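S.K.: Heads up: the sequence shown begins at 5 in our numbering, then just goes up one per residue. Handing you this structure, nothing more for now.
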Amino acid sequence: MTTSPGAQPPAALLVIGHRGARGHAPENTLASFRKALELGCRWVELDVQWHDGELWVMHDLRLERTTSGHGFLAEHDAATLRALDAGQGERIPTLREVLDLLDGRCGVNVELKTADGTARAVAQLLRDRIARGARPEHFQVSSFHLPELREFRRALPEVPVGVLLAGVPLTLAQAAAELEASVVSLDAEFLEPLLIADAKRRGCHVYAYTINRADELPRLRRLGIDGIFTDYPNRFLGGGSP
Ligand code: G3P
Ligand code: MG
Numbered sequence: 005m006t007t008s009p010g011a012q013p014p015a016a017l018l019v020i021g022h023r024g025a026r027g028h029a030p031e032n033t034l035a036s037f038r039k040a041l042e043l044g045c046r047w048v049e050l051d052v053q054w055h056d057g058e059l060w061v062m063h064d065l066r067l068e069r070t071t072s073g074h075g076f077l078a079e080h081d082a083a084t085l086r087a088l089d090a091g092q093g094e095r096i097p098t099l100r101e102v103l104d105l106l107d108g109r110c111g112v113n114v115e116l117k118t119a120d121g122t123a124r125a126v127a128q129l130l131r132d133r134i135a136r137g138a139r140p141e142h143f144q145v146s147s148f149h150l151p152e153l154r155e156f157r158r159a160l161p162e163v164p165v166g167v168l169l170a171g172v173p174l175t176l177a178q179a180a181a182e183l184e185a186s187v188v189s190l191d192a193e194f195l196e197p198l199l200i201a202d203a204k205r206r207g208c209h210v211y212a213y214t215i216n217r218a219d220e221l222p223r224l225r226r227l228g229i230d231g232i233f234t235d236y237p238n239r240f241l242g243g244g245s246p
């Protein structure tokens with residue numbers, strides 16, 4: 005069974021498939037999550053946006069880069085979004101569809117990309133899955149949008165949360181303590197030792213995103229990084245380069 009990110013021994017680097025296995029399949033699609041499972045990922049990360057009554061699994065707010073659509077996702081109704089090609093004939097999946105596909109075979113890090121109801125909708129869906137037998141530590145919810153993450157924390161406190169940082173805050177990892185986060189995830193460009201030490205002192209594990217080269221591992225280990233988000237899980241799980 006999947007180990008909680010918070011419970012992962014520091015010696016074992018946790019390898020999280022970024023947007024599924026983005027280096028191998030169209031990101032955040034069912035094909036990408038299938039590939040991550042095939043590559044042996046014990047955790048995957050995905051991005052969600054709440055719009056028109058659905059939690060869409062998609063990274064960008066705009067449609068152009070990853071789909072056949074144009075404009076902002078939030079400008080279109082659910083029927084239009086469902087009809088778009090998200091790469092190689094894949095559709096933009098909903099969080100429910102991804103959870104159904106994964107079926108408890110790996111942990112899921114849900115990143116809240118939007119606010120205004122996203123936390124509430126994710127909490128409702130995960131609460132339902134937990135009531136049906138999923139383990140709370142099988143999920144992690146993270147965000148750069150810390151007020152929305154706090155909403156989630158209040159709505160479903162049994163699910164671990166992770167604070168995402170894209171720089172080095174003046175208050176270092178204080179936000180993680182305020183949110184009782186298990187994890188602080190840092191941009192690979194800002195692996196500041198003071199920040200890492202502060203996060204660990206506050207009881208958090210520290211992950212780095214996005215790491216795609218295996219030759220970075222010695223440095224990451226020296227810095228005390230506990231987990232990585234990667235587009236190429238095979239490079240870190242013994243599969244070699246694609
Ligand atoms: O959660 C790690 C990473 O996914 C955060 O950045 O932009 O890839 O969602 P982004
Ligand atoms: Mg993400």
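Glycine included, each C-beta is placed from N, C-alpha and C at the ideal position. Owing to the predicted nature of the structure, the values given are computational and were not obtained by experimental measurement.
#1: Near Met5, what residues of its chain come up, given a Cβ to Cβ distance below 6 Å and the 5 sequence neighbours on each side ignored?
#2: Which runs of the alpha helix (DSSP H) at least 4 residues long sit entirely within the segment 126-193? Give them in chain order.
#3: According to DSSP, is Asp51 part of a helix, a strand, or is it coil?
#4: When you compare the segment 71-82 with the segment 127-134, are there three or more beta-carbon pairs, one atom per stretch, that lie closer than 8 Å?
#5: Please state whether the Cβ-Cβ distance between Leu43 and Asn238 is less than 7 Å.
#6: Whole-angstrom Cβ separation of Pro232 and Phe240, contact assumed at under 8 Å?
#7: Excluding the 5 residues flanking Gln12 on each side, which residues of the same chain have their C-beta closer than 8 Å to its C-beta?
#8: Check whether the Cβ of Asp191 lies closer than 6 Å to any heavy atom of the ligand MG, and answer yes or no.
#9: Is the Cβ-Cβ distance between Gly73 and Leu65 less than 7 Å?
#10: Applying the criterion that 16 or more other CB atoms from any shown protein chain within 10 Å of the CB defines a buried residue, is Pro164 buried or exposed?
#11: Does the Cβ of Phe156 lie closer than 6 Å to at least one heavy atom of the ligand G3P?
#12: Roughly how many whole angstroms lie between the Cα atoms of Ser147 and Glu115?
#13: Where does Asn238 sit, in a helix, a strand or coil, going by DSSP?
#14: Determine which residues share a DSSP beta bridge with Phe233 and list them.
#15: Go to Leu116, then tell me how far its beta strand (DSSP E) extends in each direction, as first and last residue.
M.R.: This is what the structure holds:
#1: Below a pLDDT of 50, predicted positions are generally treated as unreliable, and Met5, at 36, falls in that range; the measurement from the model is reported next regardless. The answer is none, since no qualifying residue turns up.
#2: 150-159, 178-182
#3: strand
#4: no
#5: yes
#6: At residue 232 the sequence reads Ile, which differs from the Pro that was named. Contact flag correct, Cβ pair sits at about 7 Å.
#7: In this predicted model, Gln12 has a pLDDT of only 39, less than 50, meaning its place in the structure is not dependable; the value taken from the coordinates is given anyway. Only Leu18, His209, Asp230, Gly231 meet the Cβ criterion.
#8: no
#9: no
#10: buried
#11: no
#12: 5 Å
#13: helix
#14: Ile20
#15: 111-116
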